[in-house]
Amino acid sequence: MKLVALVIAQRNGKLIDIAAELSNFGIFERGTVKEVIIATSKIFINKFAANTKNSVPYEDYICYVDDRNDFGGVVFTDKEYPERIAVKCLTEMMNEYIKKTQGLPGEAFPEINGLLQKYSDTRGHDKIMDVQNQVDNIIPIMHQNIDAVIGNSAKIEDLLQHSDDLSAKSKLFLKNTKRAKRRCCILQ
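Take this note's numbering: the last position of the sequence shown gets the number 220, and nothing is skipped along the way.
Okay, structure coming up:
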């Protein structure tokens, strides 16, 4: 899961600001990758209608685009990056930029680097995803506990059959109830 870049540009094609994490690319590729990010951002911002949000798959990445009247924002992520967090990042970036410029785009936005750092780690940004991760961690433990209980149940029945504390009548009763349970399960 990787957040690659955040871009803000005007609809006329002028780049306002960019923050990119290109450490996964070779040192000689980084300049070209940055140019591709800027070019695709400008294309996407100009392509879509104003006041729309879109997501566009682009090779191994997904671009989330938020177009406003005079400018737009783009978030580049790899395909594993959670969509909910990418959209939250994009919305926060656009809202902070509007708050800073008071609706008059064109100013640089140095806060974009802080947003890139903040959303590079996906933990803590989406409560639903955090709960799902906790559930995913608990499921294997629950499976082990259930297997242990089922195994203990079978062992308890064996121990009761060999116990000297139970009379022959009680042992016969246990055996008959076990058979009755099986028959009830078969009938259902």
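Yeah, the Cβ is synthetic: ideal placement off N, Cα and C, and Gly gets one too.
Distance CB(Asp49)-CB(Ile59) smaller than 7 Å: No. Outside cutoff.
With 16 other Cβ atoms within 10 Å as the buried cut-off, status of Gly104: When all chains shown are included, Gly104 counts as buried.
Per-residue DSSP class, three states only, for Ile59: Here Ile59 sits in coil by DSSP.
Proximity winner among Arg116, Asn78, Tyr113, Val97, relative to Met126 (alpha-carbon distances): Of Arg116, Asn78, Tyr113, Val97, the residue nearest in Cα terms is Val97.
Separation of Arg116 from Leu219, as counted between CA atoms: Confidence at Leu219 is low in this model, with a pLDDT of 49, below 50, so its placement is unreliable and no value can be given for it.
Option in Tyr90, Thr154, Tyr129 with minimal Cα separation from Ala118: Minimum Cα distance to Ala118 is reached at Thr154.
Assigned exposure category for Ala51 - 16 Cβ within 10 Å defines buried: Residue environment analysis places Ala51 among the buried positions, since at least 16 neighbouring C-beta atoms fall within 10 angstroms of its C-beta.
For Thr123, three-class secondary structure by DSSP: Three-state result, Thr123: helix.
With 16 other Cβ atoms within 10 Å as the buried cut-off, status of Phe76: Looking at its Cβ environment, which holds 16 or more other Cβ atoms inside 10 Å, Phe76 is buried.
Local Cβ density within 10 Å of Arg100, reported as buried at 16 or more and exposed below that: With 16 or more Cβ atoms within 10 Å of its Cβ, Arg100 is classed as buried.
Neighbour-count burial assignment, Pro15, 16 or more Cβ in a 10 Å radius: Shown here, the chain extends from 33 to 220; a query on residue 15 therefore has no answer.
Pro172 (DSSP reduced to helix, strand or coil): DSSP places Pro172 in the helix class (H, G or I) of the three-state scheme.
Beta-carbon proximity of Arg43 to Asn78, cut-off 7 Å: Taking 7 Å as the Cβ cut-off, Arg43 and Asn78 qualify as a contacting pair.
Contacting residues, own chain, Cβ-Cβ under 6 Å from Val107 (five flanking each side not counted): Hits under 6 Å: Leu38, Tyr96, Ala118, Cys121, Leu122.
Within 7 Å, strictly: CB atoms of Leu54 and Ile70: Contact flag unset, no.
Uninterrupted beta strand (DSSP E) stretches inside the region 70-157 (no shorter than 3 residues): 84-90, 93-99, 103-110, all fully within the region 70-157.
Buried or exposed (CB count within 10 angstroms, at least 16 for buried), Ser73: Ser73 comes out buried.
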